[in-house]
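Visitor: Heads up: the sequence shown begins at 1 in UniProt numbering, then just goes up one per residue.
Note that the Cβ used here is the ideal one computed from N, Cα and C, for glycine as well.
First, the structure itself, so that you have it in front of you.
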Amino acid sequence: MILQIPSRILLHNVISDNNILYSSWKFKSTFYDILNVKKDSNTKEIRDAYIKLSKLYHPDNSNGSHKKFLKINEAYNTLSKFDLRRNYDYQLANPHPQGIKMKYNAYYNNDFDWSEYNNSIFRTKYKYKSSEQQNGYYGVKGIKKQTNFVIALICLFISIVGLSIQVILVKNSHTLRRDKMQSESLENEILLQHIRETSNLNGRELQIELLRQKFEQMKQEKVKNTMKTDE
């Protein structure tokens, strides 16, 4: 008696321990279909779908299904890893005519052997943006991965802003120093003019004493101003 396999059943050919030969899907079911997510879903969306389905179909539940649970785990462990998901997407777009061979352990070991596909196609012509690149690539939520050109522009902008601030600070410091020197020069000119005006009214000794007292007073005031500045 010949049994006919329904067209919706996935054809499996087990070839050795933990090796499975995946033939074409007559039902066209993919890992994205199993998790019920879109192909452009990010890692968080895939993880949320996995948690929801794994709770629903866990073998310990009344409506649990061991086979379904294993498929959910297989789908999640492929789509949650960048390299595996990249290669899987490539295989969906370019199905192998004789099936895809990979090493597989249904529950405990989820490392795939892609040695047959280790060629230049994956290194040069296929690019995939992982969710880590799309969301929080630099450790800050909402900041996506930027191109080298954009990063260079940001660095240039920061350098220009920093240089501008430094120029402004140096210019202001020079202006303050110049104003202080002009103020001290003006005070000295006023003092000299005062000495000249009073030199004719006082004797030589008295003039020297007044000049000494004046300089002493200026010295004390300068010390006080310095102490206030330090505080």
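Can you check which of these residues, Met218, Glu221, Leu192 and Pro95, is closest to glutamine 207 by C-alpha distance?
Guide: Comparing Cα positions, the closest option is Leu192.
Visitor: Work out the CA separation of lysine 55 and glutamate 45 for me, nearest whole Å.
Guide: So the two alpha carbons sit approximately 16 Å from each other.
Visitor: Alpha carbon to alpha carbon, how far is histidine 58 from tyrosine 88? Give it in angstroms, no decimals.
Guide: The alpha-carbon atoms of tyrosine 88 and histidine 58 are separated by roughly 25 Å.
Visitor: Roughly how many angstroms lie between the CA atoms of lysine 39 and aspartate 83, to the nearest whole one?
Guide: Near 15 Å, if we compare the C-alpha coordinates of aspartate 83 and lysine 39.
Visitor: Tell me which same chain residues have a C-beta within less than 6 Å of the C-beta of tyrosine 32, skipping the five on either side of it?
Guide: Once the five neighbours on either side are set aside, the close Cβ partners of tyrosine 32 are Lys39.
Visitor: CB-CB under 7 Å to residue 232, same chain, minus the five flanking residues each way: which ones, in chain order?
Guide: Limits of the chain in this structure are 1 at one end and 231 at the other, which puts residue 232 out of reach.
Visitor: Using a Cβ-Cβ cut-off of 8 Å (strictly less than) and excluding sequence neighbours within five positions of serine 80, which residues of its own chain qualify?
Guide: If we look at serine 80 and ignore the five residues flanking it on each side, its Cβ neighbours are Thr43, Ile46, Arg47 and Tyr50.
Visitor: First and last residue of the alpha helix (DSSP H) that includes residue 236?
Guide: Lying outside 1 to 231, the shown extent of the chain, residue 236 is not represented and no answer is given.
Visitor: Residue range of the alpha helix (DSSP H) that asparagine 87 falls in?
Guide: From DSSP, the alpha helix (DSSP H) with asparagine 87 extends over 82-93.
Visitor: Can you look up serine 65 in the DSSP assignment and give me helix, strand or coil?
Guide: Serine 65 falls in the coil class under three-state DSSP.
Visitor: Could you have a look at lysine 71 and say whether DSSP puts it in helix, strand or coil?
Guide: Residue state, collapsed to three classes: helix.
Visitor: Alpha carbon to alpha carbon, how far is phenylalanine 157 from asparagine 172?
Guide: Rounded to the nearest angstrom, the two C-alpha atoms are 23 Å apart.
Visitor: Just to confirm, are leucine 92 and threonine 30 a CB contact at a threshold of 8 Å?
Guide: The answer is yes: Cβ separation under 8 Å.
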